[in-house]
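Encoded as structure tokens, the structure appears first; notes follow it.
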Ligand SMILES: Cc1cc2nc3c(=O)[nH]c(=O)nc-3n(C[C@H](O)[C@H](O)[C@H](O)COP(=O)(O)OP(=O)(O)OC[C@H]3O[C@@H](n4cnc5c(N)ncnc54)[C@H](O)[C@@H]3O)c2cc1C
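Residue numbers (our numbering): 34 to 655.
Shown next as structure tokens:
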């Protein structure tokens, strides 16, 4: 095995195995730490292992912090508590929202920091500190440029991906969101097995990934040569992959982002510990100087000279914290990674860190449909953009009435469910359409062109009826209400104007509609039996309540002072958008930007006021 490969493998192994295969001082210490010595718990052993920066959590936030740390020359340790890297990032679409990025400028897509700030000011207002969004707007493009200069972590811009709140000043029609470049999982060799799989329902054939653009092209299969060739290329690569791997190795979306960040960490010989549980942070004279972790029942201590960055992904998967902080009725499921349960937040609070002020709902939302998989596990399918905005679908509450423009962002849609629920039962909300709609666009887990719906009906996922009245009775909503709703909706389909909620009335709506459908790409008739319905529930895609930080991602104590040596990024950091969702990629854009800022600050770079960085960006933009 080549020297390079051997190092990668050392990095990949869980701590106990590294102890047997690592080298030098670290190997000796780890042997002790994993129980081969009676001294494993002693502080002297802990002093033997010291890193400059320790990062907890291997999502986009944590891996960006670790990567930047390594690039800045710091000895870096990444600790992931599960046996897989990627967290919710690996499940995600991987879009990052970075206003005024260099690719936009190169393509001539208009944007500037002032417009972005105007947009965020209008959206966030007093709900979060302005200097934090200023720091984000300044540092986001710098973070992308920095990664482009030092790594192969790359993105391409979505030219037409409108910001979510088109009615606000400073909103753009595209350019701010970027998608990750595809990644070849084979280049990770054995490390590929350690990359978290995507959500199964978001892959084809149980293991093949496609981008949103590719999915749209594939829908024309049988009609265009382009779709045929694309299908043939993707499927033949997948078939070859399956001879050697458990899933396809052509990674796209968030899985590509996670895997690529991971590959860069391994290439830079960053030490990665998997399956290691941190139990507490060590503070000396007011400064965070290390941590205690457990693995296989052994306790290990690690010291740090520059600090610890918390990037555990918030608490979307903690039933107890959901109960405490999320609105009622409390979400029972999440499409986020199940290991994001807020233990990093609790550890930080134990040493005096402060959570941000609770907001409207402390969460960012997907409306999701729920089903039981064949193996008995629960599938939580996020209705992001593929069905709600298409023509021929309404969302109704128990009164059979619409209460929202179905094409709004997933976050706003779910918030509307909660608001409506105060007056009339709206959880679950029913997405109602006809069979033709499902054939053309799909509905949740049911893909377009699905020949038979029997299996979905049998498992209770889909409700089907021969008339609107019968469907209302089947799903338990008011019959008259639903019939009147469909009648009114079909009239909007004819005129092209949804006088009730304005569906299809702005660029964001229309981007998720069907451009070929006229007069309104988002409003079409629900006319031909059988009629269909799927229930959707509020599910957190991430949490917005987190640790209060300053603009360098330093965690603040209860008096508002930075805790020396403690940083937070990603969903462990309190939302600088005050719980609002400005556009596609806003979560990952923040996670990576503040991961970058945390590592740069720990390394002693960029310690000056961010106004200096803002000035630089402004010049850059000209
Ligand atoms: C289906 C889906 C699609 C999405 N698409 C997008 C999108 O396109 N763009 C966007 O901006 N957002 C998207 N999101 C949201 C986004 O993915 C998350 O907000 C983001 O991944 C959070 O990143 P993070 O770095 O904070 O944490 P994560 O990516 O969740 O990673 C956290 C990691 O920390 C680990 N961890 C937890 N506690 C500890 C501990 N104590 N010690 C060590 N490790 C620990 C976890 O196991 C996990 O691996 C999507 C979410 C979902 C569910």
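Heads up, the beta-carbon is just placed ideally off N, CA and C, and yes, glycines get one too. Everything numeric in this text was worked out from a predicted model, so none of it was measured.
In this structure, ligand 1 has no non-hydrogen atom nearer than 6 Å to the beta-carbon of residue 626.
DSSP places residue 309 in the coil class of the three-state scheme, outside both helix and strand. Going by C-alpha positions, residue 102 is about 17 Å away from residue 623. In this structure, the beta-carbon distance from residue 344 to residue 88 falls below 7 Å. Residue 282 carries a coil assignment under DSSP once its states are collapsed to helix, strand and coil. Just so you know, the alpha carbons of residue 146 and residue 159 end up roughly 19 Å apart. Proximity of the stretch 186-196 to the stretch 362-374 falls short of the contact definition, fewer than three beta-carbon pairs being nearer than 8 Å.
The DSSP-derived three-state label of residue 352 is helix. Residue 225 sits in a helix when the DSSP states are folded into three classes. Short of 8 Å from the beta carbon of residue 427, and not among the five residues preceding or following it, lie these beta carbons of its own chain, in chain order: 435, 439, 464, 465, 466, 518, 519, 522 and 559. In the displayed model, residue 595 falls within a strand according to three-state DSSP.
With a beta-carbon spacing of about 6 Å, residue 327 and residue 312 fall inside the 8 Å limit used to define contacts. DSSP places residue 554 in the coil class of the three-state scheme, outside both helix and strand. With 16 or more other CB atoms across the displayed protein chains lying within 10 angstroms of its CB, residue 620 is buried. If you look at residue 496, you'll find it in the beta strand (DSSP E) that goes 496-498. Beta bridge pairing from DSSP links residue 466 with 565.
A distance below 8 Å between beta-carbons, with the five flanking residues on each side excluded, links residue 405 to the following residues of its chain, in chain order: 411, 412 and 492.
Bounds of any alpha helix (DSSP H) do not take in residue 418, whose DSSP letter is neither H nor E. Shown here, residue 382 sits in a helix according to DSSP, grouped into three states.
The beta carbon of residue 341 sits no closer than 6 Å to any heavy atom of ligand 1. With a beta-carbon spacing of about 5 Å, residue 554 and residue 543 fall inside the 8 Å limit used to define contacts. Sorting 112, 635 and 97 by C-alpha distance to the C-alpha of residue 173 places 97 at the top. Secondary structure of residue 87 (DSSP, three-state): strand. Here residue 441 is buried: its Cβ has 16 or more other Cβ atoms, across all protein chains shown, within 10 Å.
When the beta-carbon positions are compared, residue 449 and residue 437 come within less than 7 Å of each other. DSSP, reduced to helix, strand and coil, places residue 334 within a strand of the structure shown. Excluding sequence positions up to five before and after residue 562, its CB lies within less than 6 Å of the CB of 499, all in the same chain and listed in chain order.
By the CB criterion at 7 Å, residue 403 and residue 366 fall inside the cutoff. Secondary structure remark: continuous beta strand (DSSP E) runs of at least 3 residues inside the stretch 451-538, in chain order: 462-467 and 496-498.
For residue 381, the distance from the CB to the nearest heavy atom of ligand 1 is not below 6 Å. About 6 Å separates the beta carbons of residue 368 and residue 574, which is inside the 8 Å limit, making them a contact pair. A heavy atom of ligand 1 is found nearer than 6 Å to the CB of residue 124.
The DSSP-derived three-state label of residue 250 is helix. With a beta-carbon spacing of about 7 Å, residue 512 and residue 433 fall inside the 8 Å limit used to define contacts. Residue pairing from DSSP places residue 575 in a beta bridge opposite 397. Boundaries around residue 622 are those of the alpha helix (DSSP H), 619-635, since no beta strand (DSSP E) includes it.
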